[in-house]
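**Student:** FYI, UniProt numbering numbers position 116 of the sequence shown as 116, with every residue one higher than the one before it.
Where is the CB? At the ideal position from N, CA and C, for every residue including glycine.
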Amino acid sequence: MWRACNIENQHFMAAIVGREGSGKSLTGLKIAESADPTFNASRVMFEPKAFLERLREWKAAGETKGKLVVADEAGVGLGVRTWYQKDQILFNQVLQVIRDENMGIIFTLPRLSELDSQARGRLHAFLEMKDKEDGEWADVKWLNWDPTRDERDKVYRHYPEMKINGYTRKVKALRLTPPSEDLVKNYEKRKEAFQDQLYQDAIDEMDENEEQTMSPSEVADDIAESGVKDYVSIHGGNKTKYIDAELIEMDYDLSARNAKKVKKLLDRDDDISL
Numbered sequence: 001m002w003r004a005c006n007i008e009n010q011h012f013m014a015a016i017v018g019r020e021g022s023g024k025s026l027t028g029l030k031i032a033e034s035a036d037p038t039f040n041a042s043r044v045m046f047e048p049k050a051f052l053e054r055l056r057e058w059k060a061a062g063e064t065k066g067k068l069v070v071a072d073e074a075g076v077g078l079g080v081r082t083w084y085q086k087d088q089i090l091f092n093q094v095l096q097v098i099r100d101e102n103m104g105i106i107f108t109l110p111r112l113s114e115l116d117s118q119a120r121g122r123l124h125a126f127l128e129m130k131d132k133e134d135g136e137w138a139d140v141k142w143l144n145w146d147p148t149r150d151e152r153d154k155v156y157r158h159y160p161e162m163k164i165n166g167y168t169r170k171v172k173a174l175r176l177t178p179p180s181e182d183l184v185k186n187y188e189k190r191k192e193a194f195q196d197q198l199y200q201d202a203i204d205e206m207d208e209n210e211e212q213t214m215s216p217s218e219v220a221d222d223i224a225e226s227g228v229k230d231y232v233s234i235h236g237g238n239k240t241k242y243i244d245a246e247l248i249e250m251d252y253d254l255s256a257r258n259a260k261k262v263k264k265l266l267d268r269d270d271d272i273s274l
């Protein structure tokens, strides 16, 4: 994995599968930090939109080549299929950056079938969780993945090999220790925050369906006509003025999600000055 991204001028894609609680997420983190000493929790992708923005920032700063990222289904809660289908275009853009920048990406998911077929066709390795002892070790089967590039549409799978006492041996299982404590702590913190937002968005959407209110565009028009001064706050750090979505949320009885939409509409209105 490290050699492909840093020596051979290639990208690398791997998938780790296993049932819930099998340890696939922590195994993904362990492999990532082992192959990339700069890996940290900010390079775990829970959904593609925000992550694509981060990728572009890293690319502009020259911080992508040879780096690893983890696409983690554990943070989604509703299952990878949800955002793989909903945000397919964004997901493909993420993969394009991964390929262009010679990065590595590790997917964690319950079943390989939940990964987009195009992504499956580009995999270099398939890993399956076999056993674990919490806090001690995890056993994983690693198969190198070699799909054909012709009409046969076939995938060749073979165990990696290494020299032991002068003899070539197939490596049929790997036993990995847990990732570093700081990495796990920061990962869990990010995952919890994402799950909380995911659940809140679901609640907001249900509330919106139950009670009809003004649409975000209608609220934005109303505020623009009456003036935004009642919805302007001052940033505590840099002292700059900004449109406060929380004030809009309270006054118009909107969900946090829709209040943010109103703020975005007002922010891009060239006729509004703070």
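If you compare alpha carbons, which of 216, 136, 239 and 112 is closest to residue 125?
**Tutor:** Of the candidates 216, 136, 239 and 112, the one whose C-alpha sits nearest the C-alpha of residue 125 is 112.
**Student:** Cutting at 7 Å between CB atoms, please list the residues of its own chain near residue 269, excluding the five before and the five after it.
**Tutor:** For residue 269, where only same-chain residues beyond five positions count, the Cβ hits under 7 Å are 224.
**Student:** Give me the DSSP bridge partner(s) of residue 148.
**Tutor:** Bridge partners of residue 148: none, in fact.
**Student:** Give a yes or no on contact between the stretch 151–166 and the stretch 9–26, applying the rule of three or more CB pairs nearer than 8 Å.
**Tutor:** Cβ pair count under 8 Å is below three, so no.
**Student:** Could you round the C-beta distance between residue 24 and residue 43 to whole angstroms and report it? I think they count as a contact, below 8 Å.
**Tutor:** Rounded, the Cβ-Cβ distance is 17 Å, inconsistent with contact.
**Student:** From residue 181 to residue 31, what does the alpha carbon distance come to, in whole angstroms?
**Tutor:** Using only the alpha carbons, I get a separation of about 14 Å.
**Student:** Considering only residues of the same chain and omitting the five flanking positions on each side of residue 41, which have a CB-CB separation below 7 Å?
**Tutor:** Result list for residue 41: 183, 186, 187 and 190, in chain order.
**Student:** Would you list the one or two residues that DSSP bridges to residue 129?
**Tutor:** In the DSSP output, where bridge partners are listed per residue, residue 129 has 140.
**Student:** By alpha-carbon positions, which one of 195, 206 and 245 ends up nearest to residue 219?
**Tutor:** Out of 195, 206 and 245, 245 has the C-alpha closest to the C-alpha of residue 219.
**Student:** What residue ranges within the stretch 226–254 form continuous alpha helix (DSSP H) runs of no fewer than 4 residues, ordered along the chain?
**Tutor:** Counting only runs of 4 or more, we get 245–252.
**Student:** For residue 49, which option in 163, 206 and 71 has the closest C-alpha, if you only look at C-alpha atoms?
**Tutor:** When only C-alpha atoms are compared, the closest one is 71.
**Student:** Go to residue 355, then tell me how far its beta strand (DSSP E) extends in each direction, as first and last residue.
**Tutor:** With the chain running from 1 to 274 in the structure shown, residue 355 is simply not present.
**Student:** Write down the C-beta distance between residue 52 and residue 93 rounded to the nearest angstrom, noting that I regard them as a contact closer than 8 Å.
**Tutor:** Their Cβ separation, rounded to whole angstroms, is 6 Å, which keeps residue 52 and residue 93 in contact under 8 Å.
**Student:** Please classify residue 16 as buried or exposed, where buried requires at least 16 other C-beta atoms within 10 Å of its C-beta.
**Tutor:** The residue is buried, with at least 16 neighbouring Cβ atoms inside 10 Å.
**Student:** Alpha carbon to alpha carbon, how far is residue 74 from residue 237?
**Tutor:** Caution applies to residue 74, whose pLDDT of 47 falls short of 50 and renders its modelled position unreliable; the value that the coordinates give is listed next. In a straight line, the C-alpha of residue 74 is about 34 Å away from that of residue 237.
**Student:** Can you give me the start and stop residues for the alpha helix (DSSP H) that residue 98 sits inside?
**Tutor:** Segment 88–100, the alpha helix (DSSP H) holding residue 98.
**Student:** Suppose the cutoff is 6 Å on Cβ atoms and the five residues either side in sequence are ignored; what does the same chain contact list for residue 98 look like?
**Tutor:** The residues are 11 and 105.
**Student:** In angstroms, rounded to a whole number, what distance separates the CA positions of residue 81 and residue 45?
**Tutor:** The pLDDT assigned to residue 81 is 49, lower than 50, so where the model puts this residue is not dependable; a value taken from the coordinates is nonetheless given after this. Distance between the alpha carbons of residue 81 and residue 45: 14 Å.
**Student:** At which residues does the alpha helix (DSSP H) containing residue 31 begin and terminate?
**Tutor:** Run containing residue 31: 24–35, per the alpha helix (DSSP H) assignment.
**Student:** Give the DSSP-derived three-state secondary structure of residue 181 in the structure shown.
**Tutor:** Helix at residue 181.
**Student:** Just checking my contact of residue 229 with residue 243 at CB under 8 Å: how many whole Å lie between their CB atoms?
**Tutor:** That pair is no contact at about 10 Å.
**Student:** Can you list, in chain order, the residues of its chain with a C-beta nearer than 6 Å to that of residue 252? Leave out the 5 residues immediately preceding and following it.
**Tutor:** Excluding positions up to five away in sequence, the list reads 219.
**Student:** Measuring alpha carbon to alpha carbon, tell me which of 168, 64, 175 and 110 ends up nearest residue 141.
**Tutor:** Closest by alpha carbon: 175.
**Student:** So, at 7 Å on beta carbons, what are the nonlocal neighbours of residue 265 in its own chain, with the 5 sequence-adjacent residues on each side left out?
**Tutor:** Within the same chain, residue 265 has close Cβ partners 216, 217 and 220.
**Student:** Keeping to the same chain, check which residues put their C-beta closer than 7 Å to that of residue 33; ignore five residues upstream and five downstream.
**Tutor:** Excluding residues within five positions, the ones whose Cβ falls inside 7 Å are 39, 179, 180 and 183.
**Student:** With 16 as the cutoff for other CB atoms within 10 Å, does residue 69 come out buried or exposed?
**Tutor:** Buried is the call here.
**Student:** So the alpha helix (DSSP H) residue 51 belongs to, where does it begin and stop?
**Tutor:** Run containing residue 51: 48–60, per the alpha helix (DSSP H) assignment.
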